[in-house]
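Accompanying notes for the structure given below.
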Amino acid sequence: MSNFKINKSDKEWKDQLTDEEYRILREKGTERPHTGTYNLHFEEGTYKCAGCNQQLFESSSKFDAHCGWPSFDESIKGTVKYVLDKTHGMMRTEIVCSNCGGHLGHVFNDGPTETGTRYCVNSLSVKFDKPNE
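Numbering-wise, the working numbering puts 186 at position 95 of the sequence shown, and it's gapless, one number per residue.
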């Protein structure tokens, strides 16, 4: 993935990330539903990429979609790239960090808010920052 500002070797990513973070962010893995730290987390703050710390989502865009993963109705402008995903016999839109290319999850057009969008994100692909931290 050389189209990103941050480019690291697999070894560099493995040295930086936990095994599960590496599986999610670099190998496009998925957490089991209802197991992620941020699924039912609703504190005020910002969600950042676990790979590079780029801000991705504001807590004001988070909602409970009852799908088992953290859900947001919009990303911070310019922080997410969209990639056609034809794996597992489906046509979906993968979302990746625009800075490092880390796999975040997928985006769907079935959100219940006015945006109609649901960013379905793996908890392990993000870190949470409270205001003034």
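The beta-carbon is built from N, C-alpha and C at its ideal position, and this holds for glycine as well.
Asked, Found
"On the DSSP bridge assignment, give the partners of Gln146 in chain order.", "Lys139"
"For Glu111, which of helix, strand or coil comes out of DSSP?", "helix"
"Can you give the Cα-Cα distance for Glu205 and Gly159, rounded to whole angstroms?", "21 Å"
"Would you tell me roughly how many angstroms separate the C-alpha atoms of Ser152 and Arg209, rounded to the nearest one?", "10 Å"
"Using beta-carbon positions only, say whether Ser150 and Glu165 come within less than 7 Å of one another.", "no"
"If we ignore side chains and look at the alpha-carbon of each, how far apart do Val198 and Leu215 end up?", "17 Å"
"Return the chain-ordered ranges of every beta strand (DSSP E) run that is complete within the segment 119–203 and spans a minimum of 3 residues.", "137–140, 146–149, 171–176, 183–188, 194–199"
"Exposed or buried, what is His194 when buried is set at 16 or more other beta-carbons lying within 10 Å of its beta-carbon?", "buried"
"Hey, could you find the ends of the beta strand (DSSP E) Lys96 is sitting in?", "Segment: none, Lys96 is in no beta strand (DSSP E) and carries neither H nor E."
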